[in-house]
Amino acid sequence: MFAVPQRIDFHVSGDGYRCAVRVWETAEPIGRIVCLHGIISHAAWYWRSCRHLAEAGFEVHFLDRRGSGLSAAARGDVDVHPTWLADVEDYLEGLTGQLPRILLGISWGGKLAAAVARHRPGMVDGLGLLCPGLFAQRGANRVQRLALVLAAALGLEGRRVAIPLRDPALFTGGADSRSYIAADPLTLREITIRFALADLQLTRYATEAPEQIHSPTLLMLAGGDRIIDNRRVRAFVQRMGSADKRVIEYPEATHTLEFEPNRLEFFEDLAGWAREVALSAAVQRAGP
148 MFAVPQRIDF
158 HVSGDGYRCA
168 VRVWETAEPI
178 GRIVCLHGII
188 SHAAWYWRSC
198 RHLAEAGFEV
208 HFLDRRGSGL
218 SAAARGDVDV
228 HPTWLADVED
238 YLEGLTGQLP
248 RILLGISWGG
258 KLAAAVARHR
268 PGMVDGLGLL
278 CPGLFAQRGA
288 NRVQRLALVL
298 AAALGLEGRR
308 VAIPLRDPAL
318 FTGGADSRSY
328 IAADPLTLRE
338 ITIRFALADL
348 QLTRYATEAP
358 EQIHSPTLLM
368 LAGGDRIIDN
378 RRVRAFVQRM
388 GSADKRVIEY
398 PEATHTLEFE
408 PNRLEFFEDL
418 AGWAREVALS
428 AAVQRAGP
């Protein structure tokens, strides 16, 4: 199969916000994959894997989170964490037809994807978590969390703070990819205190009840990840309510699998799992 070039659409959320969406189509798709990116990244980072998935038979939709990438309004800001959930759920509900739906979350987007799977059981047929930001190696400590709450109480919730993940080497070992991240004008460098508080709330919601997530799940981990706490993420997935869970770890990889020199292996593993999920869901829809 050969994917047509991507197109860029804009989805209007329930509150009127226009979220950019990159779409890769293919003839006679076997399923739809909706993708969510990390805290500093955006959809354009992941065009290679999206193209590969489209060539494997999937219609791929990659949302730029509000305030990120081409979703330029209110950059690095959100009011409350349910807004992020609503953006994704509203988009998924707008996908017409009976094609199986897979939600794919990368890094921070994995946290949002897990939250959606918990909040709306049955909305997706499969959940892909790629180095998901459910548990960080260095998360905000108690003093930092209290400082955020105090700042908001003083009316400073709109003040911007730097995202601590400033070193491109945290994401990839490749020199070209590090240069790309450093120079990318759409990479998010700052967020509001309001965003940071919403992120804490999202983390709590996404991680507090893994047994409520029942979607068939793929977890992909990078053995050399310096951002994600792989041990805690593995334990979280093992506690999930899904009976169909698969874990793949790439021992030498850094955080962003997309930028790895052996990324084709990752692409093929992901596409193979997605194909299994889509075909299984299609059989269940067809009935006896």
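Count along the sequence shown starting at 1, add 147, and that's the number in the working numbering. Glycine included, each C-beta is placed from N, C-alpha and C at the ideal position.
Query, Result
"Among A190, R179, L183 and V159, which residue has its Cα nearest to the Cα of R169?", "A190"
"DSSP has F157 in a bridge; who is on the other side?", "A167"
"Taking L366 as the reference, give the member of Y352, E355 and A382 with the closest Cα.", "A382"
"Straight-line CA distance for Y327 to V227?", "31 Å"
"How many angstroms separate the CA atom of L122 from the CA atom of T364?", "Because residue 122 is not part of the residues shown, which for the chain are 148 to 435, the question remains open."
"Span of the alpha helix (DSSP H) holding I328?", "A322 to A330"
"Starting from the Cα of S389, find the closest Cα among A264, N409 and A400 and give me that residue.", "A264"
"Whole angstroms are fine: how far does the CA of F413 sit from the CA of A429?", "24 Å"
"Please name the residue, chosen from D416, R336, D391 and V394, that lies closest to I187 on a Cα-to-Cα basis.", "R336"
"Which same chain residues, not among the five before or five after L303, have their C-beta less than 7 Å away from its C-beta?", "I340"
"How about the segment 247-258 and the segment 160-169: do they share at least three Cβ pairs that are nearer than 8 Å?", "no"
"Please state whether DSSP places A220 in a helix, a strand or coil.", "coil"
"For the segment 375-405, which segments carrying the alpha helix (DSSP H) assignment without a break, of at least 4 residues, lie completely within its bounds, in sequence order?", "377-386"
"With the cut-off set at 9 Å, would you say Y352 and A262 are in Cβ contact?", "yes"
"Rounding to the nearest angstrom, what Cα-Cα distance links A201 and E172 in this structure?", "6 Å"
"Rounded to whole angstroms, how far is the Cβ of L276 from the Cβ of L183, which I believe are closer than 8 Å?", "With 8 Å as the limit, L276 and L183 do not qualify as a contact, their Cβ atoms being about 10 Å apart."
"Going along the chain, which residues of its own chain have a beta-carbon closer than 6 Å to the beta-carbon of I374, five neighbours each way excluded?", "L317 and H402"
"In three-state terms, what does DSSP make of F205?", "strand"
"Do you know offhand how far G321's Cα is from P408's?", "8 Å"
"Closer than 7 Å by C-beta to L349: which residues in its own chain qualify, once you throw out the five before and the five after it? Chain order, please.", "H228, W231, K258, L259 and A262"
"With DSSP run on the structure shown, which of helix, strand or coil describes L243?", "Note on identity: in this sequence residue 243 is Thr, with Leu being the wrong assignment. Reduced to three states, the DSSP call for T243 is coil."
"For the alpha helix (DSSP H) containing E415, name the first residue and the last one.", "R410 to A433"
"For a quick check, are the C-beta atoms of R422 and G214 less than 9 Å apart?", "no"
"Here's the rule I'm using: 16 or more other beta-carbon atoms within 10 Å means buried, otherwise exposed. How should E358 be labelled?", "exposed"
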